[in-house]
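J.: Following my numbering, the numbering of the sequence shown begins with 1 at its first residue and continues without gaps.
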Amino acid sequence: MNKSIIFHDIIDAVERLRGVANRTPVLTSRVLNELSRQQVYLKCENFQRGGAFKFRGAYNALSKLSEEEKKRGVIAFSSGNHAQGVALACKILDVQATIVMPNDTPDIKIEAVQNYGGNVLFFDRHKESREVIASQYSEEHGMAIIPPFDHPDVIAGAGTAAYELMQEHPFLEHLVTPVGGGGLISGTALAGKGMNPRVKIHGVEPEGADDVRMSMLQGERVRIDPPNTIADGLRTQQVGERNFPIIQQMVHEVVTVSEEEIEVAMRFAMIRLKIVIEPSSAVALAAVMFRKFQIEKGSCIGVILSGGNVEL
């Protein structure tokens with residue numbers, strides 16, 4: 001699959017998801033604005049179906065499969081949110097889902113996949129390759145693979161969150177997202193730049209999982225050892241092959257936050273914003289709170305809070 005993704009693909013995904021995905025709310029906070037010295041608009045994908053933005057890409061990709069492909073079922077691999085998104089989309093579309101998940105995935109995410117009717121195959125992220133397992137299973141059972149980020153329809157679906165945010169607040173000057181495999185930030189970049197070429201795209205990674213930041217510095221995809229971070233959804237070892245060129249061309253910068261800063265941001269969201277966000281989502285909020293970006297004071301910033309699936 002070598003199809004390139006364009007802005008029109010995101011428009012198509014918006015229509016495909018209309019009435020299916022939640023149009024999630026955008027929150028503001030006076031306290032956050034004072035802390036960051038910016039005007040911040042939070043796109044709350046923690047209120048998305050399945051608890052994260054991943055449902056958008058999963059449903060968009062699955063809905064484009066042929067009837068024959070749907071009958072054979074699909075296989076995906078994910079640490080949790082993509083797994084839940086695929087399982088839920090499959091339940092809606094009456095497709096059988098099999099998900100390859102790390103054996104250290106939080107129980108809440110495993111239970112959610114199973115409650116949606118998905119079959120779970122566990123693997124050891126330190127010894128096995130989830131891509132290899134999914135590929136072998138796909139060949140044996142004739143299933144289509146729905147990867148978590150390195151897929152044009154998944155990227156286009158992910159971009160619909162930023163499209164909605166920019167549609168409601170077209171004056172935004174910056175967009176901030178967490179960065180794992182690159183699906184959300186590449187979709188956000190395509191959507192944001194498609195609506196306003198001058199908007200700047202910023203990504204955030206945990207300090208110990210900064211493969212995308214290093215890849216941008218070195219000009220090629222860098223693969224790292226399995227990272228250890230509370231942000232389990234961002235523990236990818238290498239940015240996606242289709243995602244990286246988009247990031248190189250359209251993303252202004254990728255910064256990092258510490259584990260302590262992630263936890264502070266989660267606590268701030270619960271106490272001051274009255275919402276629950278997961279660590280992978282909190283990296284973006286942390287970067288804004290701790291002023292990690294070289295952004296002019298008083299700028300208008302849109303932040304994608306990617307999800308809220310966390311074990312309390």
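All C-beta atoms in this analysis are idealised placements derived from N, C-alpha and C, irrespective of residue type, glycine included.
Which residues in the same chain have their Cβ closer than 6 Å to the Cβ of residue 191, if we skip the five residues on either side of it in sequence?
T.: The beta carbon of residue 191 is closer than 6 Å to those of 10, 159, 162, 163 in its chain, skipping five residues each way along the sequence.
J.: Between residue 133 and the rest of its own chain, which residues show a CB-CB distance below 6 Å, the 5 nearest in sequence each way excluded?
T.: Contacts found: 100, 123.
J.: Below 8 Å on the Cβ atoms is my contact criterion, and I expect residue 217 with residue 201 to pass it. Report the Cβ-Cβ distance as a whole number of Å.
T.: Rounded to whole angstroms, the Cβ separation of residue 217 and residue 201 is 17 Å, and the two are not in contact under 8 Å.
J.: For residue 185, which option in 116, 143, 255, 136 has the closest C-alpha, if you only look at C-alpha atoms?
T.: 255
J.: Express the C-alpha separation of residue 65 and residue 300 in angstroms, rounding to a whole number.
T.: 39 Å
J.: Can you list, in chain order, the residues of its chain with a C-beta nearer than 6 Å to that of residue 242? Leave out the 5 residues immediately preceding and following it.
T.: 150
J.: Give the single residue among 104, 211, 198, 189 whose Cα lies nearest to the Cα of residue 247.
T.: 189
J.: Whole angstroms is fine: what's the gap from residue 166's alpha carbon to residue 89's?
T.: 25 Å
J.: Report the three-state DSSP secondary structure of residue 116 (helix, strand or coil).
T.: When secondary structure is reduced to three states using DSSP, residue 116 falls in the coil class, being assigned neither helix nor strand.
J.: Measuring alpha carbon to alpha carbon, tell me which residue in 13, 16, 7, 302 is nearest residue 170.
T.: Residue nearest to residue 170 within the set 13, 16, 7, 302 is 302 (criterion: CA-CA distance).
J.: Can you give the beta carbon distance from residue 280 to residue 46, rounded, assuming they're within the 8 Å contact cut?
T.: Going by Cβ atoms, the distance from residue 280 to residue 46 rounds to 11 Å, so no, they are not a contact pair.
J.: Within its chain, find whatever has a CB closer than 7 Å to the CB of residue 14; leave out the 5 residues flanking it on each side and keep chain order.
T.: 160, 163
J.: With distances taken Cα to Cα, identify the nearest neighbour of residue 266 among 288, 253, 245, 249.
T.: 288
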